[in-house]
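Read the structure below first, then the notes.
Protein chains: 2
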Amino acid sequence: MSEKLTSNRKAVLAILNASPTAMSAYEILDCLHRHDSKWKPATVYRALNYLIDGHYVHRIESEQKFISCTQTHDGSDRHFLICQQCGNVSEHLLDERAKYFLTALAEDLDFQLRSPYLESHGLCHNCRNN
Amino acid sequence: MSEKLTSNRKAVLAILNASPTAMSAYEILDCLHRHDSKWKPATVYRALNYLIDGHYVHRIESEQKFISCTQTHDGSDRHFLICQQCGNVSEHLLDERAKYFLTALAEDLDFQLRSPYLESHGLCHNCRNN
DNA sequence: CAAAAAACGTTATGTTATAACATTAAGACT
DNA sequence: AGTCTTAATGTTATAACATAACGTTTTTTG
Numbered sequence: 000m001s002e003k004l005t006s007n008r009k010a011v012l013a014i015l016n017a018s019p020t021a022m023s024a025y026e027i028l029d030c031l032h033r034h035d036s037k038w039k040p041a042t043v044y045r046a047l048n049y050l051i052d053g054h055y056v057h058r059i060e061s062e063q064k065f066i067s068c069t070q071t072h073d074g075s076d077r078h079f080l081i082c083q084q085c086g087n088v089s090e091h092l093l094d095e096r097a098k099y100f101l102t103a104l105a106e107d108l109d110f111q112l113r114s115p116y117l118e119s120h121g122l123c124h125n126c127r128n129n
Numbered sequence: 000m001s002e003k004l005t006s007n008r009k010a011v012l013a014i015l016n017a018s019p020t021a022m023s024a025y026e027i028l029d030c031l032h033r034h035d036s037k038w039k040p041a042t043v044y045r046a047l048n049y050l051i052d053g054h055y056v057h058r059i060e061s062e063q064k065f066i067s068c069t070q071t072h073d074g075s076d077r078h079f080l081i082c083q084q085c086g087n088v089s090e091h092l093l094d095e096r097a098k099y100f101l102t103a104l105a106e107d108l109d110f111q112l113r114s115p116y117l118e119s120h121g122l123c124h125n126c127r128n129n
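Chains as they are written, first to last, in numbering that gives the first Met the number 0: chain A, 0 to 129; chain B, 0 to 129.
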């Protein structure tokens, strides 16, 4: 859990840790520029890719944004709930029943699912109740 | 079903109709340039957005690509199976059971699903059996 | 300490998508 | 048909997302 990160990677992760919403790489870059103008897109993307490989961070495919990981896991079988109103993203693990269901649903269509994964868009608890 | 399309829209749709795999807007643009150099990105995107609104075409969110629609429907409750090997995309409707399952899965996490929708990545029948 | 590997800095460029505004084409109503 | 209106298009520019390539520095390790 606590291998140590280089300062670049730590800086990028710190920004994502402080954000409940997913951020684009360039939003992260803007944030970093407040402290230091040295940052360049490639540097941010390199840090992000490392953090993603290590499951410190996830990429939300449907939004091309990044969010810090809040779960202990091996990187698969995730379920992201993305609120369309406030932008908050919550991360959950797909349970066995859900994994089975998704796998079987694909199987019925003669398709071998790579690995169960879900991104769901809608309204979070707070936004639903105004 | 058969309102008539302008020539730009017809041209873009014809290209997608001829492709079993999803195409990026710029791949479509390259195709169109073989016949006429007049095409510009904005023209292609305008046609695509119109075709998407009319459910002639879908956008595959996880790939930022476009595919022609093969189902009759109102635009919701789709399930796309995207083959990682050959790139083919097949489109299906989520049945009531699947819609219920996905909605309940979100509901258990205190989240109100916008509308059931799935993009699944894996291996299609052909690629699985080499 | 020397060699190798990993990370970083930097520049450039590739890819995806839309804003803004002028012009043309199409439909609708006397 | 003529004019008014709206829809579609052409065109230019630029925003937003992402990586290639290559040289340098730092870290690891034998």
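Positions of the beta carbon are idealized from the N, C-alpha and C atoms, including for glycine.
Distance from the CA atom of A:Gln84 to the CA atom of A:Glu26, rounded to whole angstroms, is 19 Å. From the beta-carbon of B:Asp109, the residues of chain A found nearer than 8 Å are Cys123 and His124.
Selection A:Leu50, A:Asn48 and A:Arg8 evaluated against A:Leu31 yields A:Arg8 as nearest (Cα-Cα). Within the same chain, Cβ atoms closer than 7 Å to the Cβ of B:Ser23 are found at Gln63 and Lys64, the five residues on either side in sequence being excluded. The shortest CA-to-CA distance from A:Arg33 to any of A:Thr20, A:Val11, A:Arg113 and A:Ile51 is the one to A:Val11.
Residue contact with chain A for B:His57: absent (no Cβ-Cβ distance below 9 Å to any residue of chain A). By the Cβ test, the region 12–22 of chain B is not in contact with the region 111–119 of chain B, since fewer than three Cβ pairs between them sit closer than 8 Å. Below the 7 Å Cβ cutoff, chain A contributes no neighbours of B:Arg77, its closest Cβ being approximately 13 Å away. The continuous beta strand (DSSP E) containing A:Arg58 extends over residues Val56 to Ile59. For A:Ser61, the nearest CB of chain B lies under 9 Å from its own CB, placing it at the interface with that chain. According to DSSP, B:Val88 shares a beta bridge with B:Ile81. Nearest in C-alpha terms to B:Phe110, of all of A:Leu122, A:Phe100 and A:Asp52, is A:Leu122.
Per DSSP, the continuous alpha helix (DSSP H) segment holding B:Phe100 begins and ends at Glu95 to Asp107. Taking C-alpha positions only, A:Arg58 is separated from B:Arg96 by approximately 29 Å.
Boundaries of the alpha helix (DSSP H) around A:His32: Ala24 to His32.
Within chain A, Asp109, Phe110 and Gln111 have C-beta atoms less than 9 Å from the C-beta of B:Arg127, given in sequence order.
Among the bridge pairs identified by DSSP, B:Thr20 is matched with B:Asn87. For B:His120, the enclosing beta strand (DSSP E) starts and ends at Leu117 to Leu122. Counting along the chain, the unbroken alpha helix (DSSP H) around A:Asn48 starts and ends at Pro40 to Asp52.
Across the set A:Ser36, A:Leu104, A:Leu93 and A:Ser75, the C-alpha of A:Ser75 shows the shortest separation from the C-alpha of A:Ile51. Annotation for A:Arg77: His57, Gln70, Glu90, His91, Leu92, Leu93, Tyr116 and Leu117 place their beta carbon closer than 8 Å to its own, counting only its chain and skipping 5 residues before and after.
Contact with chain A is absent for B:Cys85, since none of that chain's Cβ atoms lies less than 9 Å from the residue's Cβ. Listed by position along chain B, the residues whose Cβ is nearer than 7 Å to that of A:Ser23 form an empty set, because the closest Cβ is around 14 Å away. Assigned with DSSP and collapsed to three states, B:Lys64 falls in strand. Sequence-distant partners of A:His72 (beyond 5 residues in either direction) whose C-beta falls short of 8 Å from its own C-beta, in its chain, are His54 and Leu92. DSSP links A:Leu4 through a beta bridge to no other residue. Taking C-beta separations shorter than 7 Å and ignoring five residues to either side along the sequence, B:Ser6 has no partners in its chain.
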